[in-house]
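Numbering (my numbering), first residue to last: 35 to 454. Think of the CB as a built atom: it goes at the ideal place given N, C-alpha and C, for glycine as much as any other residue. Note sheet for the following structure.
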RNA sequence: GUGCUGCUGACCG
């Protein structure tokens, strides 16, 4: 049985779900009754890869086949549905878990609910679940605390997040590095530098700083225009025995560019290339975007070249940045040409690609071409979003086609788009 | 050593 379960696991890791399913059926035929782990393993990787209906089907057939789903199976499904943004199904599984007399929600169940509801913007419901968790005297673990702090920061309630952090001490629980990082990030996003630095000191004293901590701090300092501080944290990394990862470089290049330090960004990128730094497409796309925004389009081709030379694949983000660079420089023909070449680079246009081009075309009143692109976008299954409508309306307003703009406005509202 | 949950980075108005 264990051997079969390991085979299932291997197939799943290779994303060969059909094969894993066959193994499951094979087991039945051979008289090895699959257990809750056989099912759990397969349901888990189906869920992780977004195949929720298949995962649900398997889950539903478990009782019929005489295998009782345990709480982990429920947890896997709830988490999977939340990660797809499918709140209704996630909640339905939760209800079934509460009703099922043979299983009880455990701490991960509550954590998944709290996290999922927060990520879907349902903060109130999430905090209700938390209260229920406390009332039931289920303990809370570190996942619970960091999830809550994350949710509270995300809902703009930093004081609430700080309170949860303080509560941990009262509960006799020491924060781990994820709890610290989450709160640190919350402070930086709200520009609360003073509190951030106090927390940073505590983290140092506790010896609780990871490379993520540094990434969070560097990103936040850049966001708050503390360029010199960000750079000196970066320069001190080696003596802190911390090794920069690809995110570090992404954050650095992005932060430097956004603050106008393009040449510094270029030199860090080059340094990383020569020194075996861990670079990925994020760093390059930040660099390319920075150059495009400054109109240094002639340098972009060279960077694109270096990017592929260093093993980083071109992706839609990169192409979109370049296309936008051309649009901003009023080089529409170049933008359209690059758009035409995207697919040969292995990139399919996204809604952002279309928005960028629609923006460029409507700025110069080439509406008929813009509408051709809108049609193409719809055909490819992309839904126009707030940006799409905004740019079309802006173009129409600029050439006094107010009636058409108003028409679009109504259409946007009908589609359920919330104007900002 | 068989399955579940938390932290950080890039593109469009």
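| Asked | Found |
| --- | --- |
| Looking only at C-alpha atoms, which of 182, 397, 85 and 410 sits nearest to residue 433? | 397 |
| With distances taken from CA atoms, which of 425, 196, 379 and 101 is nearest residue 400? | 425 |
| For a quick check, are the C-beta atoms of residue 392 and residue 412 less than 7 Å apart? | no |
| So what does DSSP say about residue 154, is it helix, strand or coil? | coil |
| What number of angstroms, rounded off, separates the C-alpha of residue 31 from the C-alpha of residue 367? | The displayed coordinates of the chain run from 35 to 454. Any statement about residue 31 would go beyond what the structure contains. |
| So, at 8 Å on beta carbons, what are the nonlocal neighbours of residue 69 in its own chain, with the 5 sequence-adjacent residues on each side left out? | 35, 39 and 101 |
| Can you give me the Cβ contacts of residue 260 inside the same chain, cut-off strictly under 8 Å, excluding the 5 residues immediately before and after it? | 227 |
| Could you spell out where the alpha helix (DSSP H) holding residue 271 opens and where it closes? | From DSSP, residue 271 is part of no alpha helix (DSSP H); its letter is neither H nor E. |
| Would you kindly work out how many angstroms separate the C-alpha atoms of residue 181 and residue 220, rounded to a whole number? | 12 Å |
| I believe residue 356 touches residue 322 by the beta-carbon criterion, under 8 Å. Please report the beta-carbon distance rounded to the nearest angstrom. | 6 Å |
| Please confirm whether residue 320 and residue 288 have their CB atoms less than 7 Å apart. | yes |
| Helix, strand or coil for residue 56 per DSSP? | helix |
| Would you please state the rounded distance, in angstroms, between the beta carbons of residue 144 and residue 172? I believe it to be under 8 Å. | 7 Å |
| For residue 122, which of helix, strand or coil comes out of DSSP? | helix |
| For residue 165 and residue 190, I'd like the C-alpha separation in whole angstroms. | 19 Å |
| By a C-beta neighbour count over all protein chains shown, 10 Å radius and 16 as the cutoff for buried, is residue 174 buried or exposed? | buried |
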